[in-house]
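Residue numbers (my numbering), protein chains in the order written: chain A, 1 to 425; chain Y, 1 to 425.
Worksheet: one structure, shown below.
There are 2 protein chains.
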Amino acid sequence: MDRANSRDRALRDRAEAVIPGGMYGHQSTALLPEDYPQFFQRGEGAHIWDADGRRYLDLMCAYGPNLFGYANPDIDAAFVRQLGLGDTLTGPTALMVELAETLTAMVTHAEWAIFCKNGTDATSMALSISRAHTKRRVVVRAKGAYHGAAAWCTPRPAGVIDSDRAHQVFCDYNDVASLEAAVAEAGDDLACVFAAPFRHDVFVDQAEPDPAYAHRARQLCDERGALLVVDDVRAGFRLARDCSWTRLGVQPDLSSWGKCIANGHALSALLGSDKARAAAASVYSTGSFWYQAAPMAAALATLRLIRETDYLERITALGERLRAGLDERARAAGFGFRQTGPATLPLFLFDDDPDLRKGFCFASAMLDRGVYVHPWHNMFMCAAMTEADIEAALDAAEGAFAELKRRGGALPPVEKLAFLTTGAR
Amino acid sequence: MDRANSRDRALRDRAEAVIPGGMYGHQSTALLPEDYPQFFQRGEGAHIWDADGRRYLDLMCAYGPNLFGYANPDIDAAFVRQLGLGDTLTGPTALMVELAETLTAMVTHAEWAIFCKNGTDATSMALSISRAHTKRRVVVRAKGAYHGAAAWCTPRPAGVIDSDRAHQVFCDYNDVASLEAAVAEAGDDLACVFAAPFRHDVFVDQAEPDPAYAHRARQLCDERGALLVVDDVRAGFRLARDCSWTRLGVQPDLSSWGKCIANGHALSALLGSDKARAAAASVYSTGSFWYQAAPMAAALATLRLIRETDYLERITALGERLRAGLDERARAAGFGFRQTGPATLPLFLFDDDPDLRKGFCFASAMLDRGVYVHPWHNMFMCAAMTEADIEAALDAAEGAFAELKRRGGALPPVEKLAFLTTGAR
Chain A
1 MDRANSRDRA
11 LRDRAEAVIP
21 GGMYGHQSTA
31 LLPEDYPQFF
41 QRGEGAHIWD
51 ADGRRYLDLM
61 CAYGPNLFGY
71 ANPDIDAAFV
81 RQLGLGDTLT
91 GPTALMVELA
101 ETLTAMVTHA
111 EWAIFCKNGT
121 DATSMALSIS
131 RAHTKRRVVV
141 RAKGAYHGAA
151 AWCTPRPAGV
161 IDSDRAHQVF
171 CDYNDVASLE
181 AAVAEAGDDL
191 ACVFAAPFRH
201 DVFVDQAEPD
211 PAYAHRARQL
221 CDERGALLVV
231 DDVRAGFRLA
241 RDCSWTRLGV
251 QPDLSSWGKC
261 IANGHALSAL
271 LGSDKARAAA
281 ASVYSTGSFW
291 YQAAPMAAAL
301 ATLRLIRETD
311 YLERITALGE
321 RLRAGLDERA
331 RAAGFGFRQT
341 GPATLPLFLF
351 DDDPDLRKGF
361 CFASAMLDRG
371 VYVHPWHNMF
381 MCAAMTEADI
391 EAALDAAEGA
401 FAELKRRGGA
411 LPPVEKLAFL
421 TTGAR
Chain Y
1 MDRANSRDRA
11 LRDRAEAVIP
21 GGMYGHQSTA
31 LLPEDYPQFF
41 QRGEGAHIWD
51 ADGRRYLDLM
61 CAYGPNLFGY
71 ANPDIDAAFV
81 RQLGLGDTLT
91 GPTALMVELA
101 ETLTAMVTHA
111 EWAIFCKNGT
121 DATSMALSIS
131 RAHTKRRVVV
141 RAKGAYHGAA
151 AWCTPRPAGV
161 IDSDRAHQVF
171 CDYNDVASLE
181 AAVAEAGDDL
191 ACVFAAPFRH
201 DVFVDQAEPD
211 PAYAHRARQL
221 CDERGALLVV
231 DDVRAGFRLA
241 RDCSWTRLGV
251 QPDLSSWGKC
261 IANGHALSAL
271 LGSDKARAAA
281 ASVYSTGSFW
291 YQAAPMAAAL
301 ATLRLIRETD
311 YLERITALGE
321 RLRAGLDERA
331 RAAGFGFRQT
341 GPATLPLFLF
351 DDDPDLRKGF
361 CFASAMLDRG
371 VYVHPWHNMF
381 MCAAMTEADI
391 EAALDAAEGA
401 FAELKRRGGA
411 LPPVEKLAFL
421 TTGAR
């Protein structure tokens, strides 16, 4: 298509004038291939349409929120029904109690719930509640792990000052000795240990959690009277119908949730155990829209699908089929191609690709063939995907690997990702 | 009614088990009279129905979000239409650009917009952007002013540590000398001055902004190269169809918005001038639902009503009618009764009422008569209110003043507000 005259180009030009940098945050295409669309117009099931009307199988699922399909009729009907009755009111509705009861019944460690709007709200509350509970200050967390975009945790330094990062000690994910050293450094000021359910940092291979690491984190928190926080915002309900570390036999004291818990409606949550209840009640946490009833109705419908359908087995099987098929095609084309992390949150990276020029070329070739993939952030499977969708993605991949092979050593460097090789950003 | 067997009571008992303290945040009734309902089931226009089906004229308007009536048909139709097309997707829609263009056209100082979910998101971004812009740290803000519930600004100390409050200097609202002293204390480390558009602190009389204070704040920021932030989350579009300090001839560099900008749908915004654009682009700000299209469609419909109807003149006239009528009835009943702040954000407090026992008795008597008022937080007028509603509120007030008079000196102390007189909370 003629990109210079595209509707996406026109929207970018207008956005440049009224949105800082043209777009902000994780949905900015600034670090994606040039041909990636910035603006979309529609979503249905597993597909999205960009502003120019091109349709893609969407392996990003809105960066997680889409678990049961865009515009899911059951979930959105529950939302719209409640919207007609009352949404943001002068107080909460009975749905808030029902939703707290539902989540605490589903998530083993949870005995109470607080509802909020951003994943960052939940992780920031977890930190404050841990400090209130322990009357201590230090959080131990893994280098490179994303826990939100507030000043205490945002991955970029702009606007962050010294005191925002005080009382934080970093360790290496899955490295027991490094975790022990960080806890030792925190000493008698340890408030909590944060953990992603698996390593899902950007730009690098994902890693399943080492059970020894998870158990040691639990043990160290118990020994020190600190709280263990599992940040399930990104991965929640794509690994288990419970907190993700339940699979390892480790229960946290607090877990943060968001993204898909209302299938794209604005809702996040912090769940906690009895131990942290008094502290949770003491911290003043609130927001204008935290009591909204319609997203809670959508969440109840979503959680019903989570409990009553085989969505998890299906997205796992689809993710495994995608992985096996990609692996086969990459090998046949002669590429070293690494697929890491859980099958329901796929990430692939090429061998010998420090500035991701292979990854960018492959992603563009997939986009051209109607499949939206991400070259350096994990993707997400959703229950609206079908075997035919996966076959279509694999056909696209076959073409994309062939195109990449054809271009051989002639790929241009990816200037915008130069920081990956120079270390400067 | 039989409160012990009420549905509200049953919900409270269930909530006690699964929600910390039974309820959290600004919509908890913990500091309201005992007969205030905690749970609601419906809202329409200017009215809400509690969980037991009792209907009230709602002077709280969901603590602000309700500007054009609960379940406003035009606004909610725009929301639902967009929901069917696409809401939370893998990227934003054209509506985001249109909304940024609309707001920057309406708000004089604004040349760009960032959209978020909580008012606290907008105020926290304002702080980070000010620090990024100036490469300095200190925020000057008024004692007692509410700017959100994050650790740096939450009104309660639980969970907050020393470093969360570092680099903050406090002044007294409307006190030029105190503002000058705070700025002097910040010295060459001043990043920004935060200002509420008027003093709307809880438990005390509101105060209109002294123009000398506003102009001096602007001048000091200009002299020091710091940014001026007006926090219009609570009052925005109830004082002007522009930033609230425009009425004083003072333009901030940044303004935070939320609450009513999408008439109750989850949306907040930070607006800024060109001066702060590069800093805004440099700070990493994001959230899972910040690109949602449906609340943006609702905001566009809301802003159209703001521009094209006489809502502001109507809610001002209704607020003035309410104020005059209450004043008259209070005087007739012999009560010293202070009504402060703008007529569209009313607050009333009784003279000689240190623990608010008169206020609580009056509020309960109003509730009994079908009018939901707040005894210590400012209220909100909305465009769905009619003159008949105001007359009904005044009739209720006549009865409530009479009841208060009948009970005379026999009012019980308000134990839960003892901190107002002892200072300990």
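Where a beta carbon is used, it is the ideal one built from N, C-alpha and C, also for glycine.
It should be emphasised that the depicted structure is a prediction, and the values quoted were computed from it without experimental measurement.
Beta-carbon neighbours of W112 of chain A, restricted to chain Y and to distances below 7 Å: Against chain Y, the beta carbon of W112 of chain A has neighbours under 7 Å at V18, I19 and P20, listed in chain order.
From Y:V202, Y:A343 and Y:I306, residue whose alpha carbon lies closest to that of L103 of chain Y: For the set Y:V202, Y:A343 and Y:I306, the Cα lying nearest the Cα of L103 of chain Y is the one of Y:I306.
Euclidean distance between Cα positions of F40 of chain A and I75 of chain Y: 22 Å
Run of the beta strand (DSSP E) containing C171 of chain A, from where it starts to where it stops: Q168 to C171
Inter-residue spacing [alpha-carbon to alpha-carbon] between V183 of chain Y and S273 of chain Y: 22 Å
Contact with chain Y by N378 of chain A, beta-carbon distance below 7 Å: no
Contacts that M60 of chain Y makes with chain A (C-beta to C-beta distance below 8 Å): T90
Exposure of R241 of chain A, with buried meaning 16 or more beta-carbon neighbours within 10 Å: Exposed.
F419 of chain Y classed as buried or exposed, judged by whether at least 16 other C-beta atoms fall within 10 angstroms: exposed
DSSP beta-bridge partners of R42 of chain Y: DSSP output for R42 of chain Y lists Y:W49 as bridge partner(s).
Buried or exposed by the 16-neighbour rule on C-beta atoms within 10 Å, applied to A30 of chain A: exposed
Residue burial classification, K135 of chain Y (beta-carbon count within 10 angstroms, cutoff 16): exposed
Contact under 7 Å by Cβ, Y284 of chain Y with R156 of chain A: yes
Proximity below 7 Å, CB of I48 of chain Y to CB of Y36 of chain Y: no
Assumed close pair H200 of chain A, N378 of chain A - CB separation to whole angstroms, cut-off 8 Å: Yes, they are in contact, since the Cβ atoms of H200 of chain A and N378 of chain A sit about 5 Å apart, within 8 Å.
D189 of chain A to A410 of chain Y span [Cα, whole Å]: For D189 of chain A and A410 of chain Y, the distance between alpha carbons rounds to 51 Å.
Which listed residue (A:G341, A:D327, A:T286 and A:W376) has its alpha carbon closest to that of H26 of chain A: A:W376
Contained beta strand (DSSP E) runs [length at least 3] in the stretch 133-195 of chain A, N- to C-terminal order: 138-142, 168-171 and 190-195
Contacts around A110 of chain A, its chain only, beta-carbon distance under 8 Å, and the 5 residues preceding and following it disregarded: L103, T104, C243, S255, L271, G272 and S273
L31 of chain A in three-state terms, based on DSSP: coil
Contact set between S6 of chain Y and chain A, taken where Cβ atoms lie within less than 8 Å: Result: empty, since nearest Cβ-Cβ is about 12 Å, beyond 8 Å.
Chain-ordered residues of the stretch 283-304 of chain A with a beta carbon less than 7 Å from chain Y: Along the stretch 283-304 of chain A, going in chain order, the ones with a CB nearer than 7 Å to a CB of chain Y are V283, Y284, S285, T286, G287, S288, F289, W290, Y291 and Q292.
Within chain Y, the residues that K259 of chain A reaches when beta carbons sit closer than 8 Å: S288
Cβ of R407 of chain A within 7 Å of any chain D Cβ: You won't find chain D in this structure, because its protein chains are A and Y.
Beta carbon proximity, E101 of chain Y to chain A, threshold 7 Å: A Cβ of chain A is located within less than 7 Å of the beta carbon of E101 of chain Y.
Cβ neighbour criterion (16 or more within 10 Å) applied to K117 of chain Y: buried
Any C-beta of chain Y under 7 Å from that of A132 of chain A: yes
For F380 of chain A, three-class secondary structure by DSSP: Three-state DSSP puts F380 of chain A in coil, outside helix and strand.
Which of helix, strand or coil DSSP assigns to Y70 of chain A: strand
Pair within 7 Å by beta-carbon distance, P413 of chain Y and D351 of chain Y: no
DSSP-derived helix/strand/coil call for F401 of chain Y: helix
Nearest-angstrom beta carbon gap, L326 of chain A and A397 of chain A [assumed within contact, 8 Å]: 6 Å
First through last residue of the alpha helix (DSSP H) which encompasses G325 of chain A: For G325 of chain A, the uninterrupted alpha helix (DSSP H) segment begins and ends at Y311 to A333.
Same chain, Cβ closer than 6 Å to F362 of chain Y, neighbours up to 5 away in sequence not counted: Once the five neighbours on either side are set aside, the close Cβ partners of F362 of chain Y are A400 and L404.
Contact belief for G319 of chain A with A343 of chain A at Cβ below 8 Å, rounded distance in angstroms: 3 Å
Start and end residues, alpha helix (DSSP H) containing S364 of chain Y: R357 to D368
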